[in-house]
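Take a look at the structure below.
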Amino acid sequence: MIAQVLTMKGLKQGDKCFICLPKSEEYLQGYLTCMETGIILVAVPKTADHEYLKKMIEIVTPNALLYDHGQCEHVVNALKELVPQVKHFHFDQLENIFTTELKQSKDTLEYCANTIEPTDLASIGFTSGTTGQPKALSATHGIFLTSLTLTVKNVELGPKLGQEVSLVGIPIQGAGSGMIMPTLLSGAALLIPKEFTADEFLRLIPLHQVT
């Protein structure tokens, strides 16, 4: 994972990282990195314009931006103007689970040893701003754990259901993120579609035997 890579580049527990990663497989790594290290995840929609970002940083000052070069260059340019001191990390230039360098590397990446408390902030999200100023919505690690426990219990997930395949029906950059940890910790497989459409769901369900 990229947790150790970002830590080596100077990010630390409690730092606020703006994440603009529209591709689900990239966002998943950013999400898990923040959960592991205690870095606070602040999701930035790829549609965010200069004015929206300005309103965001009036509430949250980022320490870093992790972004997709192909779809979020406008976010980089805006933040360079609004918050010049912010570190910028182009996802494709980092060693991650999809890069050839990491796959071929013989080095073993270590898990982060940070102690994370239930009261520590895990993420800060923002409303769309269509009905006024974007509003910040924060969640602590304790809230995530409570939600996780209830989900695993109510959906009856567990090791005995290790062959389960869960199809995420909502983008994980939003409400769909609630399916990530319960699915992975239950031992089931997490299936994230590239397109969140009915046709794509109907194609994937028989192909991967979604349960």
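The numbering of the sequence shown is our numbering, which starts it at 27 and goes up by one. In this text, a Cβ means the ideal position worked out from N, Cα and C, and glycines have one as well.
- Burial is judged here by how many other beta carbons sit within 10 angstroms of a residue's own beta carbon; S164 has fewer than 16 and is exposed.
- Between L147 and T172, the C-beta gap is not smaller than 7 Å, which leaves the two residues out of contact.
- Straight-line spacing of the CA atoms in A139 and G213 works out to 23 Å.
- Sequence-distant Cβ neighbours of H116 in its own chain, meaning closer than 7 Å and more than five residues away, are Y93 and H95.
- For V191, the enclosing beta strand (DSSP E) starts and ends at V191 to L193.
- In this structure, the alpha-carbon of E62 lies about 33 Å from that of R229.
- For L171, the enclosing alpha helix (DSSP H) covers residues H167 to N180.
- DSSP places I196 outside both helix and strand once states are collapsed to three, so it counts as coil.
- If you draw a 10 Å sphere on the C-beta of Q111, you find fewer than 16 other C-beta atoms in it, and that means exposed.
- The three-state reading of DSSP puts Y137 in coil, since its state is none of H, G, I, E or B.
- Within the same chain, V191, L193, L217 and L230 come within 7 Å of V236 by CB-CB distance, once the 5 residues on both sides are set aside.
- When DSSP assignments are scanned along the stretch 29-53, the uninterrupted stretches of alpha helix (DSSP H) that are 4 or more residues long and fall wholly within it turn out to be 29-34.
- Cβ contact annotation for C98 (same chain, cutoff 8 Å, sequence separation greater than five): C46, L47, P48, V70 and K72, in chain order.
- For H114, the three-state secondary structure derived from DSSP is strand.
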